[in-house]
Amino acid sequence: MRAFDYARATSATDATAKAAAGATIIAGGTNLLDLMKLEVMAPEQIVDINRLDMNRIEHTESGGLRIGALVTNSDLAVHPVVRRDYAVLSRALLAGASGQLRNKATTGGNLLQRTRCGYFYDTAMPCNKREPGTGCQARDGFNRILAILGTSEHCIATHPSDMAVAMRALDAEVEIESATGIARTIPLVDLHVLPGETPHIETTLDEGDLITAVILPPPPGGVHRYRKVRDRSSYAFALVSVAAVLRIESGKIASCALAFGGLAPKPWRVAKVEDALTGQEPSPEIFDKAADILLADAKGYGANDFKIPLARRTLKAVLRESVEAAQ
Amino acid sequence: MSLHTTLWINGETYALDADPRTTLLDAIRDHFNLTGSKKGCDHGQCGACTMIVNGRRINSCLTLACMHDGDEITTIEGLGQPGAMSALQEAFVRHDGFQCGYCTPGQVCSATAMLEEVSQGWPSHVSEDLEGPAPLSEAEISERMSGNLCRCSAYPGIVNAIRDAAEGGTT
Ligand SMILES: Cc1cc2nc3c(=O)[nH]c(=O)nc-3n(C[C@H](O)[C@H](O)[C@H](O)COP(=O)(O)OP(=O)(O)OC[C@H]3O[C@@H](n4cnc5c(N)ncnc54)[C@H](O)[C@@H]3O)c2cc1C
Ligand code: SF4
Ligand code: FES
Ligand code: FES
């Protein structure tokens with residue numbers, strides 16, 4: 001690990017000022033320190049935000065939930081309101097990492113965790129994300145865990161979070177405070193960006209921006225499911241995951257929200273997939289049609305080709321189970 | 328840069344003056360010579376370094392000592408000593424919950440905090456019902472302990488030891 005100066009933020013303003021001056025924010029540290037040990041990241045200054053007052057879960061005026069950026073993955077997963085009204089989020093969190101890691105991992109840090117692409121982690125290898133312009137070894141290399149949707153010629157990395165996939169299905173928003181003291185709230189869909197020609201740019205955040213909270217709208221009701229397929233049954237990242245919130249009325253799908261993990265550089269959600277299902281009577285044919293739409297532009301790179309049929313099967317299984325549970 | 332940090336470990340005060348890069352694990356092993364906690368992977372992937380910090384189990388290899396100024400830490404040395412073992416430690420001995428023993432301090436710290444999570448009604452990935460009770464089945468123990476790998480694969484003994492201790496038994 002390279003040497004760095006450490007400072008503890010005394011306020012959100014102090015944190016954003018230090019971050020704007022070049023310091024890297026540390027929350028749980030479970031991703032940042034891992035990458036710093038390998039010198040994939042080598043900040044010269046670190047600002048520790050752990051003692052800031054951002055670890056509360058509160059009701060919003062509109063009947064939703066405001067989750068402080070420092071709320072741990074454990075505390076969020078076991079919160080009574082989350083378990084009852086946002087079960088898909090509890091399920092996604094409980095499917096992620098381990099008991100120990102969830103006790104440290106924070107809401108803000110989880111959203112901003114970096115890809116698990118092996119080349120990104122290996123400083124001896126070229127990688128456009130780590131060192132812009134050096135090339136992408138993964139496209140023709142070991143890419144079993146990498147993306148089939150939203151990729152570019154320059155990078156095929158996935159966003160590894162489970163939590164963010166459930167939050168995407170729940171239409172979450174992200175509250176951000178900037179170094180100029182201005183607070184803004186953006187839909188989660190606008191936080192992460194696709195790699196395009198600049199895979200090193202992963203979010204729309206500016207230098208100095210601090211995530212202060214995630215806002216959930218009022219509970220959507222319906223059946224909640226999070227299905228994660230991985231190489232071992234626990235303590236492993238998703239190969240494919242599906243978050244579903246679905247309502248059935250008079251034998252038809254009244255509404256559904258579907259978000260996908262393990263497939264793309266950001267939590268993936270396609271309105272047309274949901275449109276194809278909404279108002280329809282559930283059937284294997286209609287589920288297949290939804291999968292056709294989801295995977296129309298999917299592209300495998302060899303070792304990850306299997307994700308295309310796996311995503312179809314997982315989506316269909318989740319739809320079948322959700323419909324059964326809703327009836 | 329050297330930083331001053333005070334840690335409360337197993338009920339005693341320890342003062343650290345060290346480079347901020349020092350992880351909590353390295354501080355406790357190398358600076359305070361409490362070598363019960365082990366380093367397996369140093370990357371959050373094995374659980375050998377598990378300690379209980381402010382009541383919660385964490386991977387001490389993935390956190391900096393300086394982030395824990397004033398925190399209360401329990402390591403394996405604080406759970407029990409030869410001749411005065413905790414119920415879980417005794418159960419690990421009774422059930423052969425180890426072979427080489429390298430993962431054991433982490434397993435025992437993890438299980439101690441895990442049982443506390445269960446008593447607070449935390450569900451797990453394998454719990455049928457997020458809100459209902461989750462009886463401590465073999466599947467529940469395995470899932471909740473998945474953050475602790477055992478290279479010797481003493482898993483059956485580990486699960487039996489934890490179940491036995493949880494039931495307060497001496498089988
Ligand atoms: C072995 C292992 C297995 C794992 N398995 C899974 C899994 O199955 N599923 C899964 O989803 N995750 C998994 N994880 C990843 C884990 O969830 C993340 O490491 C964790 O959520 C990151 O949160 P943190 O608070 O520790 O972030 P940190 O490491 O502290 O920070 C991560 C990044 O976010 C930035 N940051 C943090 N907080 C803020 C803020 N409030 N505002 C602005 N920037 C901020 C930091 O600067 C840093 O760049 C695993 C990790 C490990 C080590
Ligand atoms: S996929 Fe992205 S992260 Fe992986 S090697 Fe290519 S550029 Fe780097
Ligand atoms: S040494 Fe910390 S998890 Fe392996
Ligand atoms: S007893 Fe040898 S690693 Fe677990």
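For the protein sequence lines, the chains are F and B, in the order given. If you count the first sequence from 1, position 68 lands on 68 in our numbering, and the numbers rise without skipping. If you count the second sequence from 1, position 94 lands on 421 in our numbering, and the numbers rise without skipping. Each residue gets a CB set at the ideal place from its N, CA and C atoms; glycine is no exception. If you're wondering where the values come from, they're calculated on a predicted model, not measured in any experiment.
Task: Helix, strand or coil at F/Arg320 according to DSSP, with G and I counted as helix - done: Here DSSP, grouped into helix, strand and coil, assigns F/Arg320 to helix.
TODO: Report buried or exposed for B/Thr333, applying the criterion of at least 16 other Cβ atoms within 10 angstroms of its Cβ.
DONE: Of the residues assessed, B/Thr333 falls on the exposed side of the cut-off, its CB having fewer than 16 other CB atoms within 10 angstroms.
Open item on the list: I need the DSSP call for F/Arg139, collapsed to helix, strand or coil.
Closed with: F/Arg139 falls in the helix class under three-state DSSP.
Open item on the list: Tell me the DSSP secondary structure of F/Met1 in three-state form.
Closed with: The answer is coil: DSSP assigns F/Met1 none of H, G, I, E or B.
Task: Cβ contact (3+ pairs, closer than 8 Å) linking the segment 378-388 of chain B and the segment 424-437 of chain B - done: They touch, by the three-pair rule.
TODO: Could you list which residues in chain B have their beta carbon closer than 7 Å to that of F/Tyr235, in chain order?
DONE: Under the 7 Å cutoff, chain B gives Ser473, Gly474.
TODO: May I ask which residues mark the beginning and end of the beta strand (DSSP E) holding F/Cys256?
DONE: Unbroken beta strand (DSSP E) run through F/Cys256: 252-261.
Task: Beta-carbon contacts of F/Ala92 that lie in its chain and below 7 Å, excluding the five residues immediately before and after - done: Excluding positions up to five away in sequence, the list reads Asp162, Met163, Val165, Ala166, Tyr226, Ala243.
TODO: For F/Leu33, go through chain B and note every residue whose CB falls closer than 8 Å to its CB, in chain order.
DONE: Close partners of F/Leu33 in chain B (Cβ separation under 8 Å): Thr350, Leu389, Thr390, Leu391.
Open item on the list: Less than 7 Å separating the Cβ of B/Leu406 from some heavy atom of ligand 2?
Closed with: Not so, every heavy atom of ligand 2 lies at least 7 Å from the Cβ.
Open item on the list: Between the alpha carbons of F/Ser255 and F/Thr314, how many angstroms are there, rounded?
Closed with: Approximately 19 Å between the Cα atoms of the pair.
Task: Beta-carbon neighbours of F/Thr30, restricted to chain B and to distances below 7 Å - done: What F/Thr30 touches in chain B: Gly371, Leu389.
- [ ] Find the residues of chain F that neighbour B/Trp449, judging by a C-beta separation of less than 7 Å, and give them in chain order.
- [x] Listed along chain F are Val78, each with a C-beta nearer than 7 Å to that of B/Trp449.
Open item on the list: Taking a contact to mean a Cβ-Cβ separation below 8 Å, would you say F/Pro265 touches F/His192 in this structure?
Closed with: Closer than 8 Å, so yes.
Open item on the list: If you measure between the beta carbons of B/Gly433 and B/Thr377, is that distance less than 8 Å?
Closed with: A distance below 8 Å separates the beta carbons of B/Gly433 and B/Thr377.
TODO: Give the range of the alpha helix (DSSP H) segment to which F/Leu93 is assigned.
DONE: Where F/Leu93 is concerned, the enclosing alpha helix (DSSP H) stretches over 87-94.
Task: Under 7 Å from the C-beta of F/Leu101: neighbouring residues of chain B - done: Neighbours of F/Leu101 in chain B, taken as residues whose beta carbon is under 7 Å from its own, are Gly371, Asn386, Gly474 in chain order.
Open item on the list: Bridge partners for B/Asp344 per DSSP, in chain order?
Closed with: As a beta-bridge residue in DSSP terms, B/Asp344 pairs with B/His331.
TODO: Taking C-beta pairs closer than 7 Å, name the residues in chain F that B/Gly367 reaches, listed in chain order.
DONE: Ordered by position in chain F, no residue passes the 7 Å Cβ test against B/Gly367, which lies about 13 Å from the chain.
TODO: To the nearest angstrom, report how far apart F/Gln100 and B/Val486 are at their CA atoms.
DONE: Whole-angstrom Cα-Cα distance: 18 Å.
- [ ] Measure the Cβ-Cβ separation of B/Gly371 and F/Thr30 and say whether it is below 8 Å.
- [x] Contact flag set, yes.
- [ ] Count the other C-beta atoms from every protein chain shown that fall within 10 angstroms of the C-beta of B/Glu444, then say buried if there are 16 or more, exposed otherwise.
- [x] Buried is the call here.
TODO: Please name the residue or residues paired with F/Gln45 in a DSSP beta bridge.
DONE: Partner(s): F/Asp5.
- [ ] Identify every residue that forms a DSSP beta bridge with B/Asn386.
- [x] Partner residues in the beta bridge of B/Asn386, as assigned by DSSP, are B/Thr377.
Open item on the list: Any heavy atom of ligand 4 inside 7 Å of the beta-carbon of F/Thr203?
Closed with: Every heavy atom of ligand 4 is 7 Å or more from the Cβ of F/Thr203, so no.
Task: CA-to-CA distance, B/Thr350 to F/Pro309, given in whole angstroms - done: Their backbone Cα atoms lie some 43 Å apart in a straight line.
- [ ] Say yes only if the C-beta of F/Thr24 is nearer than 7 Å to one or more non-hydrogen atoms of ligand 1, and no if none qualify.
- [x] Checking the Cβ of F/Thr24 against ligand 1 gives yes.
Task: Nearest to B/Gly405 (by Cα), restricted to the options B/Gln416, B/His395, B/Cys479 - done: The shortest C-alpha separation from B/Gly405 is found at B/Gln416.
Open item on the list: What would DSSP say about F/Ile308, mapped onto helix, strand or coil?
Closed with: In the structure shown, F/Ile308 adopts helical secondary structure according to DSSP, grouped into three states.
Task: Contact set for B/Ala342: own chain, Cβ-Cβ below 6 Å, skip 5 residues either direction - done: Hits under 6 Å: Thr333.
- [ ] Would you kindly work out how many angstroms separate the C-alpha atoms of F/Ala236 and B/Arg490, rounded to a whole number?
- [x] Between the alpha carbons of F/Ala236 and B/Arg490 lies a gap of roughly 25 Å.
TODO: Pick helix, strand or coil for B/Glu399, following the three-state DSSP scheme.
DONE: Three-state DSSP puts B/Glu399 in a strand.
Open item on the list: Using a Cβ-Cβ cutoff of 9 Å, what residues of the segment 6-18 of chain F are near chain B? List them in chain order.
Closed with: Here the close residues are Tyr6, Arg8.
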